[in-house]
Amino acid sequence: MKDLKPDITEFAWYRAVTGQYTDSFIKTSRCVKLNESDDEVCVAAAQNAADDIGILTLVHSPKKIRVVQVKEADFAEFVGKYVEGVSDNISSRMNDEAFCLENINSDAPVVNVINAICLEAIRKRASDIHIQGTKEGINVRLRIDGVLKTVRTLSKNIFDNLVSRIKIMADLNVMENRLCQDGRMSVQAGGRKLDFRVSIVPSVCGQDVVLRLFDAEGEILGLDELGFSKDNLNMLKDSLRNPYGMILVTGPTGSGKTTTLHAMIKSLNMDLLKIVTIEDPVEKIIDGAEQIQVNEGIGLGFETILRRILRQDPDVIMVGEIRDPETAALAVRSALTGHLILSTIHTNDSLSAVSRLRNLGIEPYLIAGTLRAVLAQRLVRKSCHECSGKGCTICSFTGYSGRTAVSEVFLPDEEASMMIGKCASDYEIRRHMTKLGFRTLREDAMSKLKDGISTESEMVREGLL
């Protein structure tokens, strides 16, 4: 690429460059960003500052840094003309609600370290960042496609400052190191706003920090894109045609239950239906739906919100999780009074949802009258068919790229509903459904294994084989 020869003295529009550095950094480092593409960042630097780009390389990795030298006098004129004496209020206003990860702070290296960790997590599509103190240092691990991987080790000396910075970003108590703390922090990266849910727990080696990434502005996948088998997909779509009743998604934490619920809502006719969701937290913004954030601190729990929104005349209600008898009772009552309820519940398979609802105090005849479908699912990594065995850029040398759902769908027929009403055991209901062709999680896993979609080790890791 041909070298640029910018007239830096006329660079009045520098603030408009995406992810521009702070005025403080521009003045102390004598560097300013000219432009940024998908694979390169072009920076103008005063002649004596051009070699000092190590921190830029760290923050912008894996993009290349291209430095264009300008005369010391020209850079000084630019600073005096457009930077000195000009308030940084524009940048401040941009960051009132979200910290910009692409800004570089020359006065606080730990800020740049946190920003770099978050940017790497976003670039690698990680769902979680784990920062763990050890006797020797700090381990930074990313959970990518459900699997944790250590990506860097940092000096123990910066651990306290690192945790304090995260607490500031999440509006937590910086002075409290003995108790568990939970919060949220908003950041800006690549012109998007993203949220991290922050959990800090004291440990023998300091404090363990977990940041869970939510991209509220990200695209919501459709049911056809989640990897369900053709038969299970058709059964799910059929169940969503019910005007009322209860559809449940089961599985352990991290099995994609909320993603599936959002995909179900996306498949509904938003123009004809009033759809209300109760979530903790709100992970994705769904156009056309009214989404409510749970806040236990002020008394806004699932049960309280559900009781109130029944007065809002909704057609479809998504309850993030049925976790207590009160929420379960209200959900069932809502399903009986003409509402379609979509929710999650923690069980190992689809049929166990019946006994779980009984344990929450729901009468068997009410379960039989409201339960329309139960989906159980797990997420497994998909095999990367472009990988030659030596690794490739698509799968980052893991042999896997992306994830897909392994599932089973319990669609109770009239006989199964009668058995539920008579308090039949899960085993008896399963035996009846098997005669009708019910496919278990294991059978769906075997089918995906046969088709080469995933591997045996993945199925074993998820407890499917």
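Numbering (our numbering), first residue to last: 633 to 1097. Here a beta-carbon is modelled for each residue, glycine too, at the ideal position from N, C-alpha and C.
Query, Result
"Residue interval of the beta strand (DSSP E) (run including LYS1014)", "1003-1015"
"Between the CA atoms of THR1072 and GLU1090 - distance to the nearest angstrom", "17 Å"
"Exposure of GLY778, with buried meaning 16 or more beta-carbon neighbours within 10 Å", "buried"
"When SER787, ALA921, VAL881, ASN866 are compared against ILE852, the one with the closest alpha-carbon", "ALA921"
"Member of ARG810, ASN793, PHE710, ALA963 whose CA lies at the smallest distance from the CA of LEU972", "ALA963"
"Residue range of the unbroken beta strand (DSSP E) whose run includes LYS665", "663-668"
"Residue span of the beta strand (DSSP E) that contains PHE828, given as start and end", "824-835"
"Where the alpha helix (DSSP H) through CYS750 begins and ends", "741-755"
"DSSP bridge partner residues for GLY765 (one or two, in chain order)", "ILE770"
"Pair within 9 Å by beta-carbon distance, SER796 and GLY769", "no"
"Helix, strand or coil at VAL1038 according to DSSP, with G and I counted as helix", "strand"
"Three-state class that DSSP yields for MET807 in the structure shown", "coil"
"Alpha-carbon to alpha-carbon, VAL743 and ASP655", "16 Å"
"Distance CB(GLU1094)-CB(LEU1007) smaller than 9 Å", "no"
"Beta-bridge pairing of LEU880 - partner residues as DSSP gives them", "SER975, VAL1006"
"Simplified DSSP state of VAL675, which is helix, strand or coil", "strand"
"For ARG731, the three-state DSSP class (helix, strand or coil)", "According to the sequence displayed, residue 731 carries Phe and not Arg. The answer is strand: DSSP assigns PHE731 an E or B state."
"Host beta strand (DSSP E) of GLY838 (start-end)", "838-846"
"C-alpha gap between LEU904 and ALA895, whole angstroms", "17 Å"
"Cβ distance (whole Å) where SER1039 is taken to contact PHE860 below 8 Å", "6 Å"
"Start-to-end residues for the alpha helix (DSSP H) that takes in SER787", "Where SER787 is concerned, there is no enclosing alpha helix (DSSP H), although the beta strand (DSSP E) it sits in stretches over 779-787."
"Collapsed DSSP secondary structure at MET902 in the structure displayed", "coil"
"Three-state secondary structure (DSSP) of SER871", "helix"
"Cα-Cα separation, GLY854 to ASN680", "53 Å"
"Reduced DSSP category for SER1102 - H, G, I as helix; E, B as strand; rest coil", "The displayed coordinates of the chain run from 633 to 1097. Any statement about residue 1102 would go beyond what the structure contains."
"Euclidean distance between Cα positions of GLU704 and GLN764", "44 Å"
"For THR885, the first and last residue of its enclosing alpha helix (DSSP H)", "First-last for THR885: undefined, no H or E at that position."
"ASN980 - DSSP class collapsed to helix/strand/coil", "coil"
"ASP610 versus VAL986 - alpha carbon distance", "The question about residue 610 has no answer here: the residues shown for the chain are numbered 633 through 1097."
"MET878 vs SER975 beta-carbon contact at 9 Å", "yes"
"Residue of VAL948, ALA1056, ASP956 minimising C-alpha distance to TYR997", "ALA1056"
"Bridge partner(s) assigned by DSSP for LYS696", "GLU672"
"Proximal residues to SER724 (C-beta, below 7 Å), its chain only, five neighbours per side dropped", "For SER724, the predicted model reports a pLDDT of 37, less than 50, meaning its position is unreliable and no value from the coordinates is stated."
"Identity of the residue in ASP792, LYS767, ALA753, ASN789 nearest ARG773 by Cα", "ALA753"
"Exposure label - PRO694; buried when at least 16 CB within 10 Å", "exposed"
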